[in-house]
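Just so you know, the protein sequences line up as chains R and F, in that order.
Note that my numbering has the first sequence beginning at 1, numbered continuously upward.
Note that my numbering has the second sequence beginning at 1, numbered continuously upward.
Beta carbons are placed, not taken as given, at the ideal position from N, Cα and C, and that holds for glycine.
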Amino acid sequence: MARISQKSSSQVNRINLVLLVGICLFGILVAKIYSKQIIQNAYYLSLADQQHLWQEEQKARRGQIYDVNGYPLAANLMMPALEVIPNQVDDVDYTTKKLAAVLHMTRQEELELKDSMNTNTLYMPPIKHKLSSVEVDDIKELDLDGVIFIPEDWRFYPEGDLASSVLGFLDAEGKGQYGIEGYFNDELMGSSGFVKTYRDRTGTEITDSEEVLSRVQQGLNLYLTIDRSVQYFVEEKLEKTVKQHDADSGSVVIMDPRTGKIVAMANYPSFDPNEYFKVENYEYFNNTIVSHAWEPGSVFKVITMAAALDLGLVEPDTAETFGASIKVLDREIWNSERRPYGLEAMTQVLENSDNVGMVWVGQKLGEDNFYDYLYKFGFGEKTGVDLSSEGVGLILDKSLISEVDMATMTFGQGIAITPMQLVAAVSAIANDGHMMKPYIVDKIVTVDGKEVEVAPQFVRSVLDPDIAESLAAMMVSVVENGHGTQAGVEGYYVAGKTGTAQVPVNGVYDPHKNIGSFVGFAPAFDPKFVMLVKIDIPKNTEWAESSAAPLFGEIADFLLDYYMVAPER
Amino acid sequence: MFTGVQKNRMASRFAVGPVSLQFVTIILLALFSLMYLLQNNQMTTQGYKLAQLKSEQVEILQQNEKYQVEAARLKALGEVKKKVENLEMETVESVRYLAVE
């Protein structure tokens, strides 16, 4: 009995030992699991996240630009770029040959591609951007290893060079340059967002695991006040006129005087923003209507006359006899045709574009009043139009001018203004003496359709409405009886003024160079538009009545039909 | 007389003890684990399908955008003018306005 007990006891002890060892082993296992899953939980989660967690930037799409009727002027287009991952290419020779055939590469390009692919790296620069759909389909059919397509956003201007100086362009770095693209770059660009997703080894998203860290703000869409039909007509006629007169360049700007909306704004020569990189002369990028100042010449006489009329110093039928010239200090100031016009009413002073008459008006005004009205009409400051690089022109400080300077300024020499300033000023005459701020963006629309309309902005009252009407009638007389006959449109009262300005070169006026301009509005007593035409240095004509005025008339004729304005007479 | 014997046989066949309870628990655990795995797998599979559909959606939207841009290019006034010239249409020389009362 005792022997059996001893045997059982040692067996029990061995079993207990095995159990103990088993428990210890199990305890170690539990401790290890506890250590990994509880204590070092964050570390292993982080390791797993590094493998599967992707933080991605969601790039905002640039806002598009439309004309007033919703036709796209600047659009976005997603086009793929072709990339190769060299260390994933099995057969470099075969891949090179096939790609070269599809992309129509030269032998040299093919060899360079082969060299790049032989590097066994993870990355090489894209082989080609903006692949066509035919090229994409052909390459996909080849089913080549290591060949991938990367979607890229490109800016496309469907109307080509239409309104290019207004639009500007998007450069290779995705930044807007010049025009609307430059001025509204931040609004158009939007801002990127960031999302967190879980992806597998091949980069495919695992389930619907996207978590938004910061929301992407898509770029805003802009609707301009520009009417593309008017813009197209204006650009076509402007180009024809510039070439016809062998001029250096030309500009036309058209504005609604009641609201300040800019209907058309054209410069020639221009450029195609789709191929901005091909432009050699960077001057073409500038919108000279807002940025470049020029001595306006006789078109400025309407401003001087407006001031004198508004102050009651003269009336339209105030008459005086003027000679061919007038002496101011030691300087003789002549009429452009170097002949006297004799007895003239103020209306005839404008009709004949009499410099001597204007000097007389200026002397009645005096410096203080003249400068007062210069600033009232907005000269010497920006109009505030929503375009980049706006200039302020050049007006000599009142304390620095002489009587001669004052005299010449009355007929637009010795003062430099921008075309935008002049149109805004003449718009005040057309709009019963009330000046409106010019603007070019009509409304802003978000991606989800929310619209914000830009309201017209009243700047100030410059003239008494009756005075504005009187001056309009005087300007009609310029077109009917004066130098602006070619700007007239049969059946309508067109108000306007010509200007043939001398061009200063190195401080001296060049006798062989002039800038012809015409500014006006129609119908004169209920105007639908104000327009300035400017032809720079025409070679085969001396006077604006032959260069700028006819173009004004042609565009005015078109506009009156386009806006379906019935004839007045 | 016989009912009592049959009852006992039934009871003895289906007696539930600690061992059978453990067995049932293990089976249930295994079943739940399997269900979890199946469900997870289903989610992952659907997730891949969803990712693929999203990718297809992006491709279709890109294609749509391409067509819109091409439509805009074809409607550009320069293109329209070329077509008008091919159709040999004439410019309107004069416009007459009629007064309607």
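Secondary structure at Glu-112 (chain R): helix, using DSSP grouped into helix, strand and coil.
Scanning its chain for C-beta atoms nearer than 7 Å, with the 5 sequence neighbours on each side dropped, one finds around Gly-380 (chain R) the residues Leu-374, Val-392, Gly-393 and Ile-395, in chain order.
In the DSSP assignment, Gly-520 (chain R) falls within the unbroken beta strand (DSSP E) covering 508-522. One thing to note: Ala-60 (chain R) has its Cβ within 8 Å of the Cβ of Ser-192 (chain R). Here Ser-389 (chain R) has Ser-291 as same chain residues with Cβ atoms under 6 Å from its own Cβ, once five neighbours each way along the sequence are excluded. Per the C-alpha coordinates, the member of R:Ser-399, R:Leu-311, R:Ile-226 and R:Pro-257 positioned closest to Ala-266 (chain R) is R:Ile-226. Assignment of Val-530 (chain R) by DSSP, reduced to helix, strand and coil, places it in the strand class. In this chain, the beta strand (DSSP E) harbouring Met-78 (chain R) covers 72-84. Contact between the segment 488-499 of chain R and the segment 518-536 of chain R is present, with at least three C-beta pairs closer than 8 Å. Shortest Cα-Cα distance from Ile-150 (chain R) to any of F:Val-95, F:Tyr-97, F:Thr-91 and F:Val-58 involves F:Val-58. Of the other Cβ atoms in all chains shown, fewer than 16 fall within 10 Å of the Cβ of Arg-569 (chain R); this residue is therefore exposed. For Lys-327 (chain R), the enclosing beta strand (DSSP E) starts and ends at 325-328. Where Trp-154 (chain R) is concerned, the enclosing beta strand (DSSP E) starts and stops at 147-156. The Cβ-Cβ distance between Asn-221 (chain R) and Val-445 (chain R) falls below 8 Å. DSSP places Tyr-563 (chain R) in the coil class of the three-state scheme, outside both helix and strand. In the structure shown, Thr-121 (chain R) falls within a coil segment according to DSSP collapsed to helix, strand and coil. Counting of Cβ neighbours within 10 angstroms places Ser-298 (chain R) among the buried residues, the total reaching 16 or more. Rounded to the nearest angstrom, the gap between the Cα atoms of Gly-516 (chain R) and Ala-172 (chain R) is 38 Å.
For Ala-319 (chain R), no alpha helix (DSSP H) segment is defined; the enclosing uninterrupted segment is the beta strand (DSSP E) at 319-322. If you draw a straight line from the Cα of Asp-368 (chain R) to the Cα of Ile-401 (chain R), it comes to about 12 Å. Of the other Cβ atoms in all chains shown, 16 or more fall within 10 Å of the Cβ of Asp-310 (chain R); this residue is therefore buried. What Val-95 (chain F) touches in chain R, judged by beta-carbon distance under 7 Å, is Asp-561, going in chain order. Of the candidates R:Lys-539, R:Gln-217 and R:Ala-75, the residue whose Cα lies closest to the Cα of Phe-194 (chain R) is R:Gln-217. If you check each beta-carbon in the segment 135-156 of chain R against every beta-carbon of chain F, the ones closer than 8 Å belong to Pro-151 and Phe-156.
Considering only R:Lys-278, R:Lys-36, R:Leu-329 and R:His-52, the residue with the shortest C-alpha distance to Gln-363 (chain R) is R:Leu-329. Residue contact check for Tyr-232 (chain R) against chain F: a CB pair falls below 8 Å. Note: Thr-500 (chain R) is bridge-paired with R:Gly-516 in the DSSP secondary-structure output.
With contacts defined by Cβ atoms closer than 8 Å, Val-242 (chain R) and Ala-264 (chain R) do not form a contacting pair. Between the alpha carbons of Asp-90 (chain R) and Gly-70 (chain R) lies a distance of about 50 Å. About 12 Å separates the CB atoms of Ile-537 (chain R) and Ala-548 (chain R); that is not less than 8 Å, and the two are not in contact. DSSP places Gln-22 (chain F) inside the alpha helix (DSSP H), whose first and last residues are 18-75. Within chain F, the C-beta atoms nearer than 8 Å to that of Pro-567 (chain R) come from Tyr-97, in chain order. Ranked by Cα distance from Met-346 (chain R), the first of R:Ser-336, R:Leu-532, R:Gly-357 and R:Asp-510 is R:Gly-357.
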